[in-house]
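Quick note on this note's numbering: the first sequence kicks off at 207 and runs consecutively. Note that beta-carbon positions come from the ideal geometry of N, C-alpha and C, so glycine has one too.
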Amino acid sequence: MLDVEMIMSNPELVKKILGKRGFEVDFSGFIELRERRAFLIKQIEEVRALRNKLSKSIGEYKREKKDTKELFDEIDKIKDSVDKDEEELGKVEELINEFLLKLPNLPDEDILAGDKENNAVVSVNKDKPVFDFPIKDHVELATSLGLIDYERAAKISGRGTWIYTGLGARLEWALINFFIDEHIKDGYVFLMVPHLLNYESGLTAGQFPKFEEDVFWLQEESPKKFLLPTAETALINVHRNEILDVNKLPKKYFSYTPCYRREAGSYRSEERGMIRGYQFNKVEMVQFTTPDNSDDAFLELMIKAETLMKKLGLHYQVSKLAAGDISFAMARTFDIEVWLPSIEIYKEVSSVSNSRTFQARRGMIRYRNEDGKVEFVHTLNGSGLATSRLLPAILEQNQNSDGSVNVPEVLVPYLGGIRVLQKVK
RNA sequence: GGAGAAAUACCCAAGUCCGGCUGAAGGGAUCGGUCUUGAAAACCGACAGGGCGUGUGAGCGCCGCGGGGGUUCGAAUCCCUCUUUCUCCGCCA
């Protein structure tokens, strides 16, 4: 949610900034609605003030056993005059809200306008791995090493799914455990959250109303619930409708959850295997901070995500996303993209974002500053990391000519000392 | 899944039967002070927050007793509805 005062005081500026995303708006109708709202509120409140005064007098008169006829006559005069205004106000506010909920966040000043093509690589880790043998893609590697079973997954569920089998499951779990341990070391609080969330949570996180079609809904539940598309949706809502103590900020959380996404129509040919599925694993970090601390928090999340990648020894690049590629609720996003040698493409394994006050406004997530004033927190999130996408990259980047795969050093302890994934005889 | 009870401020809790002097008793916590070498205790004092509107401002007004709706001149209090929590029964990892 954007700041209404900002829109009202400088609609042209807001329009211009949203334009960086390629988002077209016309605020003229909105401004009229806001003006109408102010007018109606004034009318309604005047009548209510009078009515309250008279009602109070009736109470007093009755106690003193005085005649109240005069007061009732006066009240009769104003009795129904607010009903119509109240009804109109309700409608006006609904329209205002609807409009506001459709506006995406304002990209930060340093964010480039335009779409994907304006994403900028800001750093690269390690050189591209070179192979002196014909390489295999992760589907081939995972299948031949007995790590993943796609066919049986299709049997028990459907397309866009897979089963981690044996060592494959252990490798995936090793990644998750490694990340969990790293985050705990850094002082982040581990939360295990519900996977079924209510509408309000999706609204605060910024998924709704625009992306209601992108998540899985449970038909039977009332009120309706959806499967979380990322742990962020749950984590961000932990402090919804709360006023936090400034001394307890920043709050740092992380969670591991599967992420459930419909991914309707988004499948591309190179995304076979585990690159895109209806369910994938991800460890997610979230911070609630004061505005002052928000840029530092962003940097911290970036460094944390990158550190994990470096420890895994993978070749990746960091992209600063252009305005049009930044998701709806965010003001800035940097992606960490891992190299997949088989398709010669970098694929996102982490997305670190700052929503500034966008989510906080939607969810009324606030804090009391040193002066006792209540302000919105900044909310940030970052994957740390998407394990299901990492596993293919590890297989492909670490493959040997005989079809075996070297386990990243940091994962060896989590795999009971196994250093090389080899074909089972 | 069935039956019942409840939701009041930072926490506990009264008020709800019988609508008006209740934007809400009392206690705790917190903050400030007295006392003390310091602390504790005791005592004194402060303590509804928040949203919205209006005003340069002190302020004034509107809305707030789980959410939404209704009855009424007037609702914490009466009615409807939803949500959540607790207790008991059933089922179950």
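Option nearest residue i by Cα separation, candidates the options
| i | options | result |
| --- | --- | --- |
| ASN325 | ILE532, LYS248 and ARG574 | ILE532 |
| LEU246 | LYS332, VAL288, TYR466 and ARG257 | VAL288 |
| GLU448 | ILE571, TRP545 and LEU455 | ILE571 |
| ARG376 | GLN628, GLY622, LYS629 and VAL630 | GLY622 |
| ASP338 | VAL626, LEU617, VAL630 and SER607 | SER607 |
| ALA380 | PRO614, ARG257 and TRP423 | PRO614 |
| TYR484 | ILE369, SER525 and PRO547 | ILE369 |
| SER407 | PHE417, HIS389, ARG446 and GLN425 | ARG446 |
| TYR522 | GLU388, GLU292, ALA360 and LYS334 | LYS334 |
| ASN311 | GLN413, LYS629, ASN612 and GLU418 | GLN413 |
| GLU418 | GLU469, ASN216 and GLU300 | GLU469 |
| GLU300 | GLU323, LYS271 and ARG240 | ARG240 |
| TYR356 | GLU426, ASP279, GLY479 and LYS454 | GLY479 |
Beta-carbon separation (whole angstroms), residue i vs residue j, contact threshold 8 angstroms
| i | j | result |
| --- | --- | --- |
| SER556 | ALA503 | With a Cβ gap of about 15 angstroms, SER556 and ALA503 do not count as contacting. |
| THR496 | TYR573 | 7 angstroms |
| LEU409 | ARG567 | Not quite, the Cβ-Cβ distance comes to about 11 angstroms (not below 8 angstroms), so this is no contact. |
| PRO429 | TYR466 | Incorrect: roughly 18 angstroms between the Cβ atoms, too far for contact. |
| LEU351 | LEU627 | 5 angstroms |
| ILE264 | PHE233 | Not really, about 45 angstroms apart at Cβ, beyond 8 angstroms. |
| LEU514 | PRO598 | So it is not a contact: roughly 16 angstroms between Cβ atoms. |
| ILE600 | LEU527 | Actually they are not in contact, since the Cβ atoms of ILE600 and LEU527 sit about 25 angstroms apart, beyond 8 angstroms. |
Limits of the beta strand (DSSP E) - the one that residue i falls within
| i | result |
| --- | --- |
| ALA592 | Unbroken run through ALA592: none, as it is neither H nor E. |
| GLN565 | Counting along the chain, GLN565 falls outside any beta strand (DSSP E), though it belongs to the alpha helix (DSSP H) covering 564 to 569. |
| THR495 | 485 to 495 |
| LYS431 | 431 to 433 |
| THR410 | Element bounds for THR410: not the beta strand (DSSP E) but the alpha helix (DSSP H), 405 to 411. |
| ASP541 | 538 to 546 |
| GLN523 | 522 to 526 |
Beta-carbon gap between residue i and residue j smaller than 8 angstroms
| i | j | result |
| --- | --- | --- |
| GLU438 | GLU490 | yes |
| ILE481 | ARG595 | yes |
| ASP321 | GLY225 | no |
| PHE432 | LEU403 | yes |
| ILE237 | LEU295 | no |
| ILE382 | THR593 | yes |
| LYS221 | VAL231 | yes |
| LYS488 | SER561 | no |
| GLN605 | LEU373 | no |
| SER525 | GLU602 | no |
| THR539 | VAL558 | yes |
| LYS458 | GLY530 | no |
Start-to-end residues for the alpha helix (DSSP H) that takes in residue i
| i | result |
| --- | --- |
| SER561 | Counting along the chain, SER561 falls outside any alpha helix (DSSP H), and DSSP gives it neither H nor E. |
| PHE504 | 500 to 518 |
| PHE414 | Per DSSP, PHE414 belongs to no alpha helix (DSSP H) and is neither H nor E. |
| ARG376 | 373 to 391 |
| LYS222 | 217 to 225 |
task = Output the residue ranges of the alpha helix (DSSP H) runs that lie fully inside the segment 437 to 480 and measure 4 residues or longer, sorted by chain position.
result = 437 to 442
ask   = Which runs of the beta strand (DSSP E) spanning at least 3 residues fall entirely within the segment 330 to 357, listed in chain order?
value = none
4-residue-minimum alpha helix (DSSP H) runs that sit fully inside the segment 241 to 290, ordered along the chain = 275 to 284
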